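What follows is one structure encoded as structure tokens, with my remarks underneath.
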Amino acid sequence: MNPLELTLGIMTAVGGFVDISELVFAAKAGSLFGYALIWVFALSTIGIMVFGEMSGRVAAVAHQPVFNLMRHRLGLKLGLVTLFASVLSTLITTAAELGGVGLILHYLTGAPYLLMAVVGVLVLGASMWVLPFQWIERTYGLLGLMMIIFAVALVAIHPPWREVAGGFVPQVPKGLSTTELLIFGYFMVAIISAVMFPYEAYFYSSGGIEEQWGPKDLPNNRMTTTVGFALGSLLAVSILASSAQLFGPMNVGPEVAGSSALEAAIPFGRTGLLIALGGMLIAIAGAAVETCMANAYSVAQFFGWEWGRHKKPWEAPRFTLAWIIFFLLSLAIVLTDVNVMSLVEYAVLFSIVVLPLTYLPLMLLANDKKYMGQFANKWLAKSLGWFFFAVITAAAIAAIPLYLLTSGGQA
Amino acid sequence: MTPSDPLKLVAELLDLPIMDKDGRYCGIVDDVELSGSAGKETRIKALLVGPGAYDARLPRWAFWLISKVAGRRVARIPIDQVDQIHTVVHLKCRAEDVKLHQVEDRVRAWIPKRGAL
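Going down the list, the protein sequences come from chains A and B. Taking the working numbering, the leading residue of the first sequence gets 329, the next gets one more, and so forth. Taking the working numbering, the leading residue of the second sequence gets 17, the next gets one more, and so forth.
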């Protein structure tokens, strides 16, 4: 294992972990329920570690990304349904991320939001055209490390650490009314969805193939998905805990995507605000690129096209055309002037419904000794896999009723 | 598994990605063509690739919709052009030799060939 590669991989995972949905739901969860939802972040992080590690291992051993496996396992009919649902949910996620990029550029420059969204698409599209896969992943991941400002800001405001630590214990706050309980349930589902977005498995496993992983890369894969994702998740938890400390007691609801940046402005002033906005911009822009590429990966793999950004754009022409079209469609959604927060809500809602269909074929393949040989799931991976499959299935069933009953957490 | 090995189920082969001898993805096994008839030995004659091969596998309305978007072309790959079947079907020939990659080449003509590292 090359220590430099490992460190870069972990740092990239940390910087690339948080996206607009986690930013929004972490800040809202903290202001509404204090530290009581930290455990859901922790639980879902273990979930994405389990499935992320599995998708990386399958990519390294069977050399197959998730969507190839999905079609082979689910067949054409159910595969097409899954493809359609996942493309739709990931497209909405890309639109939410692009909207977030537009908003933050608007905060930074004062220029009109929609114009900034167009500028964002042009810059991100150019970066995807020019840079090969590893540079794309590393550039956004490493610059996204500016998000560490949120962890530093949490330390600087001296939160009650005992209460923060208590948030890691599974709990439902006492004394909630039925409506508040439903909202708590809605936030649980939304956080599970935001942390375990299906595009992450598509992107991560495709990335493993882009970088030509083999069995020798398995320790690297394990460290990246455990240490990298755990540290990345701590950034989201920091946003939640700061929000609980700063916004909750003053009844401030972080209703816009940029509210979280104030958490760094309070202890560190203008410098903190700028670093936080810079970190958020890169993290959200990175997520926009990842979601857009994830959609292009999915379609290309489903239909057996040439794919990958380790190739020049003209060497995988339909894949290139696909990501350009998905970027333009996402921009078209943003240009309808739909509220970014609504897009975030729809993204988590659609994604949670697709999650079980994404992770079941992956798990079945990772269990299969014929494909995976000695690297097939052992008892721990199997048990955790089935446990989290049950969790995401329950969340998928509860998602739409909870959304309707709570008017998207607003009730 | 090689093409001469008995296939327990056609399902093992359906929906596998296909890679040509240069390591390029060039489609998915959308259907297979069998030889033989009732009471006789059944063998796979060819792999069928392309949206036209979805006909027997999708409801009529879904096939109609897909054929409107993607057309009805089908490429036929004789089984003797198959080298190995594992998680990917490896061909002995180049994609172009069995009329795969036609759409890929058509789209390539529209993509500018500059500016990428």
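Ideal Cβ placement from N, Cα and C applies to all residues, glycine included. In this text, all values refer to a predicted model and were calculated from it rather than measured experimentally.
Chain A contact residues for residue i, given Cβ-Cβ distances below 7 angstroms
{"i": "residue 112/B", "result": "Simply none; closest approach about 13 angstroms."}
{"i": "residue 43/B", "result": "632"}
Contacts that residue i makes with chain A (C-beta to C-beta distance below 8 angstroms)
{"i": "residue 109/B", "result": "Within 8 angstroms Cβ-Cβ: nothing; residue 109/B doesn't reach chain A, min ~16 angstroms."}
{"i": "residue 34/B", "result": "632"}
Contact list for residue i against chain A, beta-carbon separation under 9 angstroms
{"i": "residue 115/B", "result": "Correct list: empty, because the minimum Cβ distance to chain A is about 14 angstroms."}
Residue i - partner residues in DSSP beta bridges
{"i": "residue 511/A", "result": "The partner list for residue 511/A (beta bridge, DSSP) is empty, contrary to what the question assumes."}
{"i": "residue 34/B", "result": "105/B"}
{"i": "residue 94/B", "result": "62/B"}
{"i": "residue 44/B", "result": "33/B"}
{"i": "residue 50/B", "result": "60/B"}
{"i": "residue 629/A", "result": "DSSP, once it has assigned bridges, lists no residue as partnering residue 629/A."}
{"i": "residue 100/B", "result": "106/B"}
Contacts that residue i makes with chain B (C-beta to C-beta distance below 7 angstroms)
{"i": "residue 404/A", "result": "31, 70, 73 and 74"}
{"i": "residue 645/A", "result": "120, 123, 124 and 127"}
{"i": "residue 648/A", "result": "127"}
{"i": "residue 642/A", "result": "124, 127 and 129"}
{"i": "residue 638/A", "result": "Under the 7 angstroms cutoff, chain B gives no residues; its nearest Cβ is about 11 angstroms from residue 638/A."}
{"i": "residue 396/A", "result": "33"}
{"i": "residue 400/A", "result": "31 and 32"}
Supposed contact pair residue j and residue i - C-beta distance, whole angstroms, cut 8 angstroms
{"i": "residue 350/A", "j": "residue 564/A", "result": "5 angstroms"}
{"i": "residue 677/A", "j": "residue 612/A", "result": "About 19 angstroms; that fails the 8 angstroms criterion."}
{"i": "residue 31/B", "j": "residue 45/B", "result": "6 angstroms"}
{"i": "residue 723/A", "j": "residue 680/A", "result": "5 angstroms"}
{"i": "residue 348/A", "j": "residue 445/A", "result": "The Cβ separation is near 13 angstroms, so there is no contact."}
{"i": "residue 67/B", "j": "residue 89/B", "result": "7 angstroms"}
{"i": "residue 468/A", "j": "residue 617/A", "result": "6 angstroms"}
{"i": "residue 415/A", "j": "residue 672/A", "result": "Residue 415/A to residue 672/A, Cβ: 18 angstroms. No contact."}
{"i": "residue 28/B", "j": "residue 92/B", "result": "Actually they are not in contact, since the Cβ atoms of residue 28/B and residue 92/B sit about 20 angstroms apart, beyond 8 angstroms."}
{"i": "residue 339/A", "j": "residue 459/A", "result": "That belief does not hold up - the Cβ atoms of residue 339/A and residue 459/A are roughly 18 angstroms apart, past 8 angstroms."}
{"i": "residue 342/A", "j": "residue 473/A", "result": "6 angstroms"}
{"i": "residue 548/A", "j": "residue 381/A", "result": "Their Cβ separation, rounded to whole angstroms, is 11 angstroms, which puts residue 548/A and residue 381/A out of contact at 8 angstroms."}
{"i": "residue 529/A", "j": "residue 379/A", "result": "6 angstroms"}
{"i": "residue 401/A", "j": "residue 683/A", "result": "Incorrect: roughly 16 angstroms between the Cβ atoms, too far for contact."}
{"i": "residue 72/B", "j": "residue 96/B", "result": "Going by Cβ atoms, the distance from residue 72/B to residue 96/B rounds to 24 angstroms, so no, they are not a contact pair."}
{"i": "residue 123/B", "j": "residue 645/A", "result": "4 angstroms"}
{"i": "residue 536/A", "j": "residue 384/A", "result": "5 angstroms"}
{"i": "residue 573/A", "j": "residue 485/A", "result": "6 angstroms"}
{"i": "residue 395/A", "j": "residue 630/A", "result": "5 angstroms"}
Within chain B, the residues that residue i reaches when beta carbons sit closer than 9 angstroms
{"i": "residue 651/A", "result": "Within 9 angstroms Cβ-Cβ: nothing; residue 651/A doesn't reach chain B, min ~12 angstroms."}
Under 8 angstroms by beta carbon: chain B residues contacting residue i
{"i": "residue 635/A", "result": "41"}
Minimum Cβ-Cβ distance from residue i to chain C less than 9 angstroms
{"i": "residue 628/A", "result": "The structure shown contains no chain C; its protein chains are A and B."}
* To do: With 9 angstroms as the C-beta to C-beta threshold (strictly closer), list the residues of the region 370–391 of chain A near chain B in chain order.
  => Listed in sequence order: 390 and 391.
* **Where the region 696–728 of chain A meets chain B: residues whose CB sits under 9 angstroms from a CB there** => Here the close residues are 699.
* **the region 477–497 of chain A in contact with the region 682–696 of chain A per 3-pair CB rule at 8 angstroms** => Touching, no, given that fewer than three Cβ pairs across the two stretches are closer than 8 angstroms.
* Could you run through the region 453–474 of chain A and flag, in chain order, every residue whose CB is less than 9 angstroms away from some CB of chain B? => Along the region 453–474 of chain A, going in chain order, the ones with a CB nearer than 9 angstroms to a CB of chain B are 454, 457, 458, 459, 460 and 463.
* Report yes or no: do the region 526–544 of chain A and the region 384–395 of chain A share at least 3 C-beta pairs separated by less than 8 angstroms? => Segments in contact, yes.
* Cβ pair count under 8 angstroms reaching 3, the region 513–522 of chain A against the region 604–620 of chain A -> Contact fails: fewer than three Cβ-Cβ distances are below 8 angstroms.
* Hey, is the region 364–382 of chain A in contact with the region 650–669 of chain A, meaning 3+ C-beta pairs nearer than 8 angstroms? -> Because the criterion of three Cβ pairs below 8 angstroms is not met, the region 364–382 of chain A and the region 650–669 of chain A do not touch.
* Got a sec: which bits of the region 49–64 of chain B sit with their beta carbon under 8 angstroms from any beta carbon on chain A, in order along the chain? -> Going along the region 49–64 of chain B in chain order, one finds no residue with a Cβ nearer than 8 angstroms to chain A.
* Taking a Cβ distance cut-off of 7 angstroms, strictly less, list which residues of the region 80–93 of chain B are near chain A, in chain order. => Result list empty, no residue passes.
* Asked: Is it a yes or a no for the region 94–109 of chain B touching the region 78–86 of chain B, going by three-plus beta-carbon pairs under 8 angstroms?
  -> Too few Cβ pairs lie closer than 8 angstroms, so no.
* Asked: So does the region 406–422 of chain A actually touch the region 517–529 of chain A, counting three or more Cβ pairs closer than 8 angstroms?
  -> Verdict: yes, contact present.
* Count the C-beta pairs between the region 352–367 of chain A and the region 555–571 of chain A that are closer than 8 angstroms, then say yes if the count reaches three, no if not. => Touching, per the Cβ criterion.
* To do: Please confirm if the region 576–596 of chain A is in contact with the region 470–480 of chain A, defined as three or more CB-CB distances below 8 angstroms between the two stretches.
  => Taking a contact to require three or more Cβ pairs closer than 8 angstroms, the region 576–596 of chain A and the region 470–480 of chain A qualify as touching.
* Asked: Given 8 angstroms as the limit, is there contact between the region 696–704 of chain A and the region 438–454 of chain A, that is, 3 or more CB pairs closer than that?
  -> Output reads no: the region 438–454 of chain A does not touch the region 696–704 of chain A.
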